[in-house]
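Presented below is the structure to which this report refers.
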Amino acid sequence: MPSEGPTILHADLDAFYASVEQLLDPTLRGRPVAVGGGPRGGVVLAASYEAKAFGVQGGMAGWRAAKLCPELRFVRGHFDEYQRLGDAVIAVFEDFTPLVERISIDEAFLDVSGSVHLFGSPAQIGAMVRERVRDQIGLPISVGAARTKHLAKIASQVAKPDGIVIVQPGREREFLDPLPVGLIWGVGPVNEKRLADLGVRTIGELALTPSSAVEHILGYAVGHKLSAMAHDDDPRRVATSHRARSVGAQSAIGRRTPEPAEVRAVLAHLADRVARRLRAKHRAGRTVTVRVRFAGIRVVTRSHTLAEPNAATLTLTEVAERLVWSAIADSPDEPEITLLAVSVSNLTDQTTIQPELDLAPSDPWRPGSATGAARRAVDGSMDAIRARFGGEAVGYLPAVRRTGAGVPDEFRELAEHDL
DNA sequence: TCTGGGGTCCTAGGACCC
DNA sequence: TCTGGGGTCCTAGGACCC
């Protein structure tokens, strides 16, 4: 039941991390800036628009970015500032409507249908939001306004950088038709290529293509969604909160042949990060999934579902360890690994203390030594010590030696979703 | 001289049950 | 005993997003 006007706004800070660096250090303004990485290693986490003009992109290796743009200034990130300023921007949004759906640190949907009599039209609200974020916080932000979330998001992408685009009801078709399909949420490089092979490059062309043909190429769900989207049929509403469905952690470990002690140490560290977050929110999960990336690019996943939800560091470590070795054993032609990941899904709330979280004695995945009660006691003590003395005060194993390739923990925290 | 880290959703096959 | 049909759960892989 879409409302009359373009009452959904999508607001998206422009090149957020890089813009913050330019705000903090005036000598960076107007210049190509990369956060993270560096010419001798690491990965670019974000690039300013001046850097993007040279082809520098997030995720790119630092040496490659430096090659594309010799003037590029590499800066280490001020991750605490990103969190603070991102929160401040969201607070500005909330001055205009309580219906704010934050998608990430730098991006949100706003439903302003109830705000128009207070602040004026959605177009005026969008302009006021931009003005306040620029004047009070000092950051450029783009805004799209439309009748639906999907359309508002496309509009904000078109508005970038530092602009605003309003899609008036009734004029959706003329706005959408000439745009490339890659602007649709859910169409990445692979699906864009598949559509191009069908001769479909614009959203208008997509709208003229039978949905059965699109579903045949992209699978039912994606195809169906895209066809609906191309016809501007998008019922999604702004939702102010979500529950996470999985929690994970990963670590790029360079290129190395797996050694038992090292694998164990990395997995213990990853499982501990996951388990701590679960316990902090009184949640637990049944399915443990590991991912192993081999040097040959190939990625393998292995998972195991426990009979009962679990949030014990030691148990998750042990299950992950078995899964990783089974993945390695199944890939005898791949002697080296480059990344390990652990995630837990099938999450449930642990509103009451579980009487018994141990695996059944007959379960071949039953862990060794300590009982479930002992494990919970250890975890409880660790959590308490960390709460008092900080996260690094105690650990289950000697800290994994970092070879310098990893990103800072503050960056990990920025990427974490609320549980 | 190969691209970090944290997520979501979908598909397809197999096991198992009724 | 063979055949059919539907539903749920689990596992592995993949595309995509920020």
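Residue numbers for the first sequence follow this note's numbering, so the first one is 133 and each next one is one higher. Idealized CB from N, CA, C, for every residue including glycine. Fair warning: this is a prediction, and the values are worked out from it, not measured in the lab.
- Counting only unbroken stretches of 3 or more residues, the beta strand (DSSP E) elements lying wholly within the stretch 179-239 are 205-207, 232-236, in sequence order.
- For Val431, the beta-bridge partners assigned by DSSP are Arg425.
- If the five residues before and after Leu311 are omitted, its C-beta is found closer than 6 angstroms to the C-beta atoms of Ile335, all from its own chain and listed in chain order.
- Straight through space, the alpha carbons of Glu394 and Gly168 are spaced by roughly 26 angstroms.
- For Arg411, the enclosing alpha helix (DSSP H) begins and ends at 392-412.
- Non-local C-beta neighbours of Arg405 in its own chain, meaning closer than 6 angstroms and more than five positions away in sequence, comprise Ala381, ordered along the chain.
- DSSP links Ala277 through a beta bridge to Leu141, Ile298.
- For Ile469, same chain residues with a beta-carbon under 6 angstroms away, outside a window of 5 residues either side, are Pro390, Val424, Phe426 in chain order.
- Under DSSP, Asn442 takes part in a beta bridge, and its partners are Gly417.
- Listed as beta-bridge partners of Ile469 by DSSP are Arg388, Phe426.
- About 26 angstroms separates the CB atoms of Arg418 and Pro392; that is not less than 8 angstroms, and the two are not in contact.
- Sorting Gln189, Arg430, Val248, Glu450 by C-alpha distance to the C-alpha of Thr229 places Val248 at the top.
- Under the DSSP definition of a beta bridge, Gln382 partners with Ala473.
- Taking each of Arg387, Asp481, Leu177 in turn and checking the Cα distance to Gln189, the smallest one comes out for Leu177.
- With a cut-off of 8 angstroms on Cβ pairs, the stretch 179-186 is in contact with the stretch 144-157, counting three or more such pairs.
- Inclusion of Asp243 and Asp144 in the CB contact set at 8 angstroms is not warranted, their separation being larger than that value.
- The three-state reading of DSSP puts Thr372 in coil, since its state is none of H, G, I, E or B.
- The three-state reading of DSSP puts Ala525 in coil, since its state is none of H, G, I, E or B.
- Cα atoms of Glu213 and Arg262: separation of roughly 20 angstroms, rounded to the nearest angstrom.
- Assignment of Thr483 by DSSP, reduced to helix, strand and coil, places it in the coil class.
- DSSP links Leu242 through a beta bridge to Leu141, Val232.
- Beta-bridge partners of Ala166 (DSSP): Ala179, Phe206.
- Around the beta-carbon of Arg369, fewer than 16 other beta-carbon atoms lie within 10 Å, marking it exposed.
- Excluding sequence positions up to five before and after Gly187, its CB lies within less than 7 angstroms of the CB of Leu200, all in the same chain and listed in chain order.
- With respect to Val476, Leu410 sits close: the two C-beta atoms are nearer than 8 angstroms.
- Following the DSSP letters along the chain, one finds Ser359 inside the alpha helix (DSSP H) bounded by residues 352-362.
- C-alpha of Glu542 to C-alpha of His401: approximately 16 angstroms in a straight line.
- CA-CA distance, Ile298 to Ala277, rounds to 5 angstroms.
- DSSP, read as helix, strand or coil, puts Thr447 in helix.
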